[in-house]
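If you use the working numbering, the sequence shown corresponds to residues 99 to 256, in order.
Using N, Cα and C, we set each Cβ at its ideal position, and we do this for glycine too.
Structure, as structure tokens:
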Amino acid sequence: MNQTTSILNQKLTISENALSTQVNGEIVILHYESEYYYTLNAVGTKFWQLFTELKNVDTVIQQLVQIYSVNETTLRHDVTEFVEELVEEELLNCENQTDERNLVTVDKIKELLQPQQQDNRLPYEAPLLRKHGKVSAGTNTTFQALDIDGLSFFTDLS
Numbered sequence: 099m100n101q102t103t104s105i106l107n108q109k110l111t112i113s114e115n116a117l118s119t120q121v122n123g124e125i126v127i128l129h130y131e132s133e134y135y136y137t138l139n140a141v142g143t144k145f146w147q148l149f150t151e152l153k154n155v156d157t158v159i160q161q162l163v164q165i166y167s168v169n170e171t172t173l174r175h176d177v178t179e180f181v182e183e184l185v186e187e188e189l190l191n192c193e194n195q196t197d198e199r200n201l202v203t204v205d206k207i208k209e210l211l212q213p214q215q216q217d218n219r220l221p222y223e224a225p226l227l228r229k230h231g232k233v234s235a236g237t238n239t240t241f242q243a244l245d246i247d248g249l250s251f252f253t254d255l256s
């Protein structure tokens, strides 16, 4: 994606091939077409939970800035890289439509540079997607198989 068109300005949706569940406090995502599974760190897990609920990356970023001790510019950069990786792994779908709400304005940048009040947010680390091997007998207990019209699918056990 070229630098003038941020992936955050595109319409993003969770792939129908991506199934997720929470295990021991982190999200595990199964891409059931490729049979690869992924885990997310704490910030990635919070991103996924919020995006699943809110369906808008800019709104998710606003929520994450309130939760974690990070400035919005750094967070926006990290989330851009994270979302690009999720799209590359086909866990998120990206439609080529600009969402004007996601554009950063000069006023927004000035607002971000203003001194902050006491910070009670959580320590921050960039969101991280870890790709693991394909699902095996030892890993498939996280997801329960379904047989629909002769095709095997997995369902979330949470």
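Proximity test, residue i beta-carbon vs the ligand GTP heavy atom, cut-off 7 Å
i    : result
W146 : Inclusion of the ligand GTP in the displayed structure is not the case, the ligand content being empty and no account of it being possible.
N- and C-terminal bounds of the alpha helix (DSSP H) containing residue i
i    : result
A224 : Where A224 is concerned, there is no enclosing alpha helix (DSSP H), given that its DSSP letter is neither H nor E.
I165 : 155 to 165
Residues near residue i in its chain [Cβ-Cβ closer than 8 Å; skip 5 each side]
i    : result
S113 : H129, E188, L189, L190, N191
V158 : F145, L148, F149, L152, V177
Sequence-distant residues of its chain with Cβ nearer than 7 Å to residue i (five each side left out)
i    : result
D176 : A224, P225
E193 : Q108, K109
N115 : H129, Y130, E131, E188
K232 : E133, Y134
Which residues DSSP lists as bridging residue i, in chain order
i    : result
I125 : Q120
I112 : L190
T137 : V126, R228
L220 : Y166
Supposed close pair residue i, residue j - CB separation, criterion 8 Å
i    : j    : result
L257 : V163 : For residue 257 there is no data in the structure shown, the boundaries of the chain being 99 and 256.
V155 : L184 : Going by Cβ atoms, the distance from V155 to L184 rounds to 11 Å, so no, they are not a contact pair.
L117 : I127 : 7 Å
V168 : Y222 : 4 Å
Cβ neighbours of residue i in the same chain (closer than 6 Å, five flanking residues each side left out)
i    : result
T143 : E124, I125
T196 : Bear in mind that the predicted position of T196 carries a pLDDT of just 48, short of 50, making it too unreliable to give a figure here.
Touch check for the segment 132 to 139 and the segment 224 to 235: three-plus C-beta pairs under 8 Å? yes
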